[in-house]
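Contents: one structure, followed by commentary.
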Amino acid sequence: MNDTIVAISTALGVGAISIVRLSGKDAISIVNNCFNGKDLTKVKTHTINYGFIKDNDEVIDEVLVSIMRAPKTYTTEDIVEINCHGGIIATNRILETMLNNGARLAEPGEFTKRAFLNGRINLVESESVMDLIESKTNDARRLAISTIQGNITKLIREYRSTLKDLLSQIEVNIDYPEYYDIEVVTKDNIKNSIEVLKKDLDKLIKESNNVMPMKQGIKTVILGKPNVGKSSILNKLLNEDKAIVTNIAGTTRDIVEGEINLDGILMNIIDTAGIRSTNDVVESIGVEKSLSLIKDADLVIVVLNNNEKLSKDDKEILEKTKNKERIIVINKVDLDSKIDLPKDIENVVYTSTIKEEGINELKDKIKELFNIEKIKSKDYTYLSNTRQISLAKKALKEIKQAETALNKNMPVDIIEIDLNECFNTLGEIIGETYSEEIIDNLFKNFCVGK
Amino acid sequence: MDYDIIVVGGGHAGCEAALASARLNNKTLLITGNINNIADMPCNPSIGGPAKGIVVREIDALGGEMAKNADKACIQIKMLNTKKGPAVQALRAQADKNIYPKEMLKTLKDTENLEIKESLVEDLIVNDNKIGGVVLEDGNKITSKAVILTTGTYLKADILTGSNRTPGGPHGERRSNSLSDKLKEYGFTILRLKTGTPQRVDKNTIDFTKTSVEEGDKEEYTFSFSNKVYYDVNNQTPCHLIYTNEKTHEIIKEHLNESSMYGGYVTGVGPRYCPSIEDKVVRFSDKERHQLFLEPESLVEDDPEYGNSIYIQGFSTSMPYEVQEEMVHSLPGLENAKILKYAYAIEYDAIDSLQLNQSLETKVIENLFTAGQINGTSGYEEAAGQGLIAGINASRKINNQEPLVLKRNEAYIGVLIDDLVTKGIKDPYRLLTSRAEYRLLLRNDNADIRLKDYGHEIGLINDEDYSKYKEKINNIEKLTNELKEVRITPKKDVLEYLDKLGTTPLKEGISLYELLKRPEIKIKDLKEYINLDYDKEVLEEIEIECKYEGYIKKATKEAEKMLSLEEKQIPKDIDYNKVSNLASEAREKLIKVMPTTLGQASRISGVNPADISILMVYLRRKYNEQ
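From first to last, the protein sequence lines stand for chains A and B.
For any residue, its number in the working numbering is found by taking its place in the first sequence, counting from 1, and adding 1393.
Numbering follows the working numbering, with no gaps: position 281 of the second sequence is 268.
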């Protein structure tokens, strides 16, 4: 229990606010490293501090940070709780930033486990702790076996198998140095394997980062002039799916304020402030701000009034969004059609929020655009959660270290330390870490003996 | 009570156990079937090799005998893996099979408190699951406080060649017929293992012109830290290298079913890493040839068995004699070779090493210890390492002291014993560098730094040796500090010198220690700037610690993580059936192994991190209550 653990302590995507919690001796310094505000290492214990979480120079979220110093805390270790805005993306990015700064992702139930092991919880309470840990570890066990997609397991196994062959070759050279018929691993052999793996891992991480938003939520912006029915459309989407809308102003980046569960796929509605307060995005926040929203969005829904000709603002919005994934909603089809929409515009859906028409067509269009059926049928090979991505990044770092050692002309045994770490990290992604693997492989593939 | 400690068996494990016991002032009896076979080397005529060579160094640092004895018998020595990194370098020597046992016997005879007796042990005296002594083949009883079994391959040994099965040990010696049955009655699980050894041929009948020569190293080496050299570095006896050929392989394939192994005559489990030549030909059928070393067994020409004998390393087989003749004569240079001793496979009984504690005391009978092949290992070095630990711990047990348990980050011996008692074995166990997860810490050069404190504290390293070692440590510290203090700056003469060494020029001043980190800089290169008048060992140690500092730190950190779990003891009376929620495989394994610490528990295959968490919580709850 020497390391510092971190986890998202609130259920993802449900609350208005999420808490990212750290426990351990480096908890305060880790957060302080990525905190813009007071020096957290100097603030009093049990205080709440306002500021921003940054990833390098980029501000991720505006937060409140609670500092609780040992021993009067839940785990009896230093604890930091970061109160951030409840969207999945911001919360996950904060978690990821903590991982990058040296925290380790907590195992299920680990905070409680630490609390217990450090004697914080008494014997009466311990029965329930036991139950909790039991259920969580059982979940973890089940998860490890069943939920990881077959494709990614297969892919990681391929990477590992390449590494395993290289490692056993190095090992056999070391343990049986005088077997002249066994090929000696050269630095070129190692270099080639490293190159390939580095490229593959890099690609996998990038692709996974691209797929993550779809898996974790499609960033969606709804645009339109006042009174065209933006909020009605939003409400129709929301009401039917019983999602929760929150409304938080003053945030800085990608703040998810509403979440819609569309047949199991999450849509994150970005910045609905305009819709909710003044009912006019363009007017309330200005075209400039809406442009930056458009830039970040995975999907733009432009709502137009069937009963009016296109205005200057409408035309500007259409122009600015023409290269985005976009759905044009022509609302109020219960009224006379006066709209003069250019013929070449695609993905048009006609709705009448008053008569409750066209909402299903809108949903189908969204699913069609994002190939949701394909994602759900697991045709993609990608890492599907922060834990996996963080481990893949660790593996990539380790393989790069091996490369550095190789370039510095370190002996093969030293390079092997990094390769071995990478092998084990990859194993962790898919829950396979078995130390005898290499030895077994060695005896299987090489002819050595007395 | 006749003795404090009785050691049963005079092989490499038995010798170390008996010496350790006697040197720690216990009245000791060594019982062997044949005094002339004490410390015999029934298989290869060499000591050391990757991992194993480091074990020999560790034995020396703890105050054992193998290193010193191997130095006395050395006829050729090499440092292996010199180009592959600091952690995996190891010594391997050709040892004279006449001198090694003779010198060891001399040492045994010269040791106070130690008696040797020729007999076979057929039963143990056991009272209330506690050892009381041994029963000899003639029914006589000898009593003692502790017994160490180092029976090697002699428990129900059978020699196999082809379909022929002869009861007896490696030299046609008598075997112990009933001891393993008795052990079974006492509650031990008995395994049947197999190993094998190749032919020996008369060196005067070999045409060495058809072989290539394998020389020893040009630098002087010793296993022991006392650094006493007994051989002439410029006059080492070479080995010779040959290869099998198509004809050899044809003979083997043609007669495959006549071998004990493929004919189905073998019941024991053989080692994966030591396949017989027929195994190699079958399993690696795409290989056109296999290499064989011709190794001299002894330079003492009048030795009746070993004097003219050459060991064919790599040619182990269980074929019938007449097939072996054909096989040997198919080899280049051996067309007319006279076989002095045929290859054979040997089967023997061993106990399940999961029934041992980390101290090598058995869980079944108190004060009974076991070491060597009876625990399922193979190799002289593995046996000696265990023998030493068993000797030390038997002594400590009867003197009410805590056992010496070496951790995985402290010694290969620790890795070996932990593997045995935690993972158990299926085939004879051989140490490999790949079994040691912290091998960067377990180096040939630093075995004394790792273990000499223990050796001294236990009482096997005398004060004189110890103060010599302390001086080495002081010198290392002193020179390291100096290297960190002395700085060089990019002046003209410095730049010229560095250029001559082929390293990149300096931009600003750096310490010599920083400069030494550069892969192309050797510590000797620094003599221009600092006094390097120290022992070779001191310089070597500093160089390694400096160059690989980052990696060593990383390994140390990993080891610390392991140690924190190692500190968490599991009480002996734990009932795993009462720990709810353990996975059933984990529960079974835990009951079988009965690990003493959470660290050990976490290394059992089939016990996963979730089980460890559950166990942790259970332990806290259960034992905090009291």
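Using N, Cα and C, we set each Cβ at its ideal position, and we do this for glycine too.
All figures in this text were calculated on a predicted structure; none of them were measured in a lab.
DSSP state of B/I696 mapped onto helix, strand, coil: Missing from the structure shown is residue 696 of chain B; chain B here goes from -12 to 613 and no further.
Please state the DSSP three-state secondary structure of B/V75. To locate residue 75 of chain B, count along the second sequence from 1; it is residue 88. Looking at B/V75 - three-state DSSP - the assignment turns out to be helix.
Partners in chain A for B/A82, counting only beta-carbon separations shorter than 9 Å: Within the second sequence, numbered from 1, the residue matching residue 82 of chain B stands at position 95. Within chain A, no residue comes near B/A82; the closest Cβ sits about 15 Å away, beyond 9 Å.
Take B/T148 as the anchor and find which of B/K325, B/K479, B/T137, B/P185 has the nearest alpha-carbon. If you number the second sequence from 1, residue 148 of chain B lands on position 161. If we check each option's Cα against that of B/T148, B/P185 comes out closest.
Shorter than 9 Å from the beta carbon of A/N1802 to some beta carbon of chain B? Within the first sequence, residue 1802 of chain A is the residue found at index 409, counting from 1. Yes, because at least one Cβ of chain B sits closer than 9 Å to the Cβ of A/N1802.
Can you tell me which residues form a DSSP beta bridge with B/N354? Position 367 of the second sequence, counting from 1, holds the residue named residue 354 of chain B. For B/N354, which the question treats as bridged, DSSP gives no partner whatsoever.
Among the residues of its own chain, which have a CB less than 8 Å from the CB of B/A82, if the five just before and after it don't count? Numbered from its first residue, the second sequence carries residue 82 of chain B at position 95. Taken in chain order, the residues that qualify are M28, P32, S33, I34, A57, A60, C61, I62.
Alpha helix (DSSP H) runs contained entirely in the region 42 to 126 of chain B, provided each spans 4 or more residues: 53 to 60, 86 to 97
Is the Cβ-Cβ distance between B/L286 and B/I299 less than 9 Å? Counting from 1 along the second sequence, the entry for residue 286 of chain B is found at position 299. Counting from 1 along the second sequence, the entry for residue 299 of chain B is found at position 312. No. Outside cutoff.
Neighbour flag for A/E1809 against chain B, beta carbons, 9 Å: Locating residue 1809 of chain A in the first sequence gives position 416, counting from the first residue. It does; some Cβ of chain B falls within 9 Å.
Let me see if you follow: with CB-CB separation under 9 Å, is B/A371 close to chain A or not? Translated into positions along the second sequence, residue 371 of chain B becomes position 384. Chain A contact via Cβ: absent.
Run the CB neighbour count on B/V43, radius 10 Å, all protein chains shown included, and call it buried at 16 or more, exposed below. Here residue 43 of chain B refers to the residue found at position 56 when the second sequence is read from its first residue. It counts as buried.
Inter-residue Cα distance where the pair is B/Q373 and B/A324: Here the question's residue 373 of chain B lines up with position 386 in the second sequence. Here the question's residue 324 of chain B lines up with position 337 in the second sequence. Approximately 38 Å between the Cα atoms of the pair.
Boundaries (first-last residue) of the beta strand (DSSP E) holding B/L11: The residue you call residue 11 of chain B lines up with position 24 of the second sequence. Run containing B/L11: none; DSSP gives neither H nor E here.
From A/M1461, A/V1614, A/V1741, residue whose alpha carbon lies closest to that of A/E1761: Counting from 1 along the first sequence, the entry for residue 1761 of chain A is found at position 368. That would be A/V1741, whose Cα lies nearest to the Cα of A/E1761.
Is DSSP giving A/V1722 helix, strand or coil here? If you number the first sequence from 1, residue 1722 of chain A lands on position 329. In this structure, A/V1722 counts as strand in the three-state DSSP scheme.
Exposure of B/S365, with buried meaning 16 or more beta-carbon neighbours within 10 Å: Translated into the one-based positions of the second sequence, residue 365 of chain B becomes position 378. Counting Cβ neighbours within 10 Å, B/S365 comes out buried, since at least 16 surround it.
Taking 9 Å as the CB-CB limit, is A/P1464 close to chain B? Position 71 of the first sequence, counting from 1, holds the residue named residue 1464 of chain A. Output row for A/P1464: interface = no.
Applying a beta-carbon distance threshold of less than 7 Å, which residues of chain B neighbour A/Y1573? Here residue 1573 of chain A is taken as the residue at index 180 of the first sequence, counted from 1. What A/Y1573 touches in chain B: Q278.
Where does A/K1557 fall in DSSP's three states? For the purposes of this step, residue 1557 of chain A is taken as residue 164 along the first sequence, with counting starting at 1. It is helical.
Same chain, Cβ closer than 6 Å to B/P390, neighbours up to 5 away in sequence not counted: Here the question's residue 390 of chain B lines up with position 403 in the second sequence. Taken in chain order, the residues that qualify are S346, N380, R383.
Let me make sure I understand the geometry here. Which of B/G120, B/V315, B/L499, B/T357 has the alpha-carbon closest to that of B/L142? Taking the second sequence and counting its residues from 1, one reaches residue 142 of chain B at position 155. The shortest C-alpha separation from B/L142 is found at B/T357.
Length of the line joining the Cα atoms of B/D168 and B/V113: The count along the second sequence starts at 1 and reaches residue 168 of chain B at position 181. The count along the second sequence starts at 1 and reaches residue 113 of chain B at position 126. In a straight line, the C-alpha of B/D168 is about 14 Å away from that of B/V113.
Any idea which residues DSSP pairs B/H227 with across the strands? Residue mapping note: residue 227 of chain B aligns to position 240 of the second sequence, counting from 1. According to DSSP, B/H227 bridges with B/V200, B/L281.
CA nearest to the CA of A/E1455, picked from A/V1621, A/N1442, A/L1590: Taking the first residue of the first sequence as 1, we reach residue 1455 of chain A at position 62. Of the candidates A/V1621, A/N1442, A/L1590, the one whose C-alpha sits nearest the C-alpha of A/E1455 is A/N1442.
Give me whichever residues DSSP pairs with B/P154 in a beta bridge. The sequence position of residue 154 of chain B within the second sequence is 167, counting from 1. Paired residues: B/D145.
Going along chain B, which residues have a C-beta under 7 Å from A/D1806? Here the question's residue 1806 of chain A lines up with position 413 in the first sequence. Chain B residues near A/D1806: K71, G72, A74, V75.
Any C-beta of chain A sitting closer than 9 Å to the C-beta of B/A546? By one-based count along the second sequence, residue 546 of chain B stands at place 559. So no, B/A546 is outside the interface.
What does a CB cutoff of less than 8 Å around A/T1579 pick up in its chain, not counting 5 residues either side in sequence? Sequence index remark: in the first sequence, residue 1579 of chain A carries index 186 (1-based). So the list is empty, once near-sequence residues are dropped.
With a CB to CB cut of under 6 Å and the five nearest residues on each side skipped, what residues in its chain are close to B/D414? Along the second sequence, one-based indexing puts residue 414 of chain B at 427. So the qualifying residues of the chain are V256, P258, R259.
In chain B, what lies closer than 8 Å to A/N1395 by C-beta? In the first sequence, counting from the first residue as 1, residue 1395 of chain A sits at position 2. Near A/N1395 (Cβ distances below 8 Å), the residues of chain B are E547, K548, S551.
Selection from A/V1452, A/L1498, A/I1410 that minimises the alpha carbon distance to A/S1416: Against the first sequence, residue 1416 of chain A aligns to sequence position 23. When only C-alpha atoms are compared, the closest one is A/L1498.
So, with DSSP's three-state summary, where would you put A/N1442? Mapped onto the first sequence, residue 1442 of chain A falls at position 49. It is a strand residue.
Could you say if the region 329 to 349 of chain B and the region 11 to 24 of chain B meet the contact criterion of at least three C-beta pairs nearer than 8 Å? no
Thinking B/S317 and B/N232 are a contact (beta carbons under 8 Å), I'd like their distance in whole angstroms, please. Locating residue 317 of chain B in the second sequence gives position 330, where the first residue counts as 1. Locating residue 232 of chain B in the second sequence gives position 245, where the first residue counts as 1. 7 Å between Cβ atoms; contact.
Under 7 Å, CB to CB, which of the residues in the region 1547 to 1564 of chain A have a partner in chain B? E1564
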